[in-house]
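Numbering-wise (this note's numbering), the sequence shown opens with residue 13 and increments by one.
Shown next, in structure tokens, is the structure this report addresses.
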Amino acid sequence: MVVKEKLGNLHDFEVNKRQIDWVEIEWFETGKRILHKKTRAGRDIVMKFLNETTGICQDDVLYLDESLLIVADILACDCVVVTPTTMFETASLCYEIGNKHTPLFYDDGSFLIPYEAPLFRLLTAQGYQVSLETRKLLNPLKTTVTPHANEENTTLFSRIMKLTSS
């Protein structure tokens with residue numbers, strides 16, 4: 013089965029007597045435009061999102077007929093969970109994560125980062141309250157890239173720190 017576009021989100025459809033067949037997707041696969049997977053019921057599905065601009069989200073409906081819905085399920089994974097307590101701590105944490113070019117997610121007041129042992133140790137050593145949890149990475153923080161220094165040669169980090177200390 014070839015899917016070329018998402019049909020919407022599960023909460024927008026009436027399930028009625030339709031069977032829901034889930035296709036499991038890892039967090040790092042959500043932005044891929046071409047993806048070959050098997051549903052939990054064993055159906056082969058090829059996703060070709062050549063005209064889509066956004067990635068696959070939890071509960072996206074990929075296929076629909078009178079008796080079946082095929083729906084995306086983003087799998088939970090090990091992640092580092094950090095809940096900053098101040099604006100300064102938030103700015104500093106975002107700077108550290110940005111320097112590593114590591115994906116950053118946000119959920120219920122906490123930052124979630126796909127687990128990497130060196131990063132976990134670094135954040136712990138720097139005094140952040142860090143925990144290791146199995147969670148779904150559903151809300152990526154998307155930013156635009158800007159230069160790290162301006163014509164006055166001040167770094168982005170120093171400008172952020174100046175803003176948070178005011």
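No residue lacks a Cβ here, since even glycine has one placed at the ideal position from N, Cα and C.
Where does the unbroken alpha helix (DSSP H) through residue i begin, and where does it stop?
i, result
"E101", "M99 to K112"
Determine whether the beta carbon atoms of residue i and residue j lie at a separation below 9 Å.
i, j, result
"V83", "V73", "yes"
"R52", "D33", "yes"
"Y75", "V15", "yes"
"L81", "L175", "no"
"W39", "P126", "yes"
"C69", "L150", "yes"
By the three-class DSSP mapping on this structure, what secondary structure does residue i have?
i, result
"F132", "helix"
"A137", "helix"
"F40", "helix"
"K174", "helix"
"D33", "strand"
"D90", "strand"
"L19", "coil"
"D8", "Outside the shown range of the chain (13 to 178) lies residue 8, about which nothing can therefore be said."
"D119", "strand"
"D24", "helix"
"A53", "coil"
"I68", "coil"
"L47", "strand"
Return the first residue and the last residue of the beta strand (DSSP E) that residue i is part of.
i, result
"R147", "V142 to K148"
"P126", "S122 to P126"
"D77", "Note, D77: premise wrong, no beta strand (DSSP E); not H, not E."
"K60", "D56 to K60"
Within 10 angstroms of its Cβ, does residue i collect 16 or more other Cβ (buried), or is it exposed?
i, result
"A161", "For A161, the predicted structure reports a pLDDT of 49, less than 50, and the residue's modelled location is therefore unreliable. A value from the coordinates is still provided. Burial call: exposed."
"Y140", "buried"
"T98", "exposed"
"T42", "buried"
"L105", "buried"
"L124", "buried"
"F132", "buried"
"L153", "exposed"
"M13", "exposed"
**Asked** How do the segment 82-97 and the segment 135-151 stand: do at least 3 beta-carbon pairs fall below 8 Å, yes or no?
**Response** Touching, yes, given that three or more Cβ pairs across the two stretches are closer than 8 Å.
**Request:** Please determine if the segment 28-37 and the segment 106-118 are in contact, where contact requires at least 3 C-beta pairs separated by less than 8 Å.
**Result:** They do not touch, by the three-pair rule.
**Prompt:** Does the segment 61-81 come within contact of the segment 36-46, defined as at least 3 CB pairs closer than 8 Å?
**Reply:** yes
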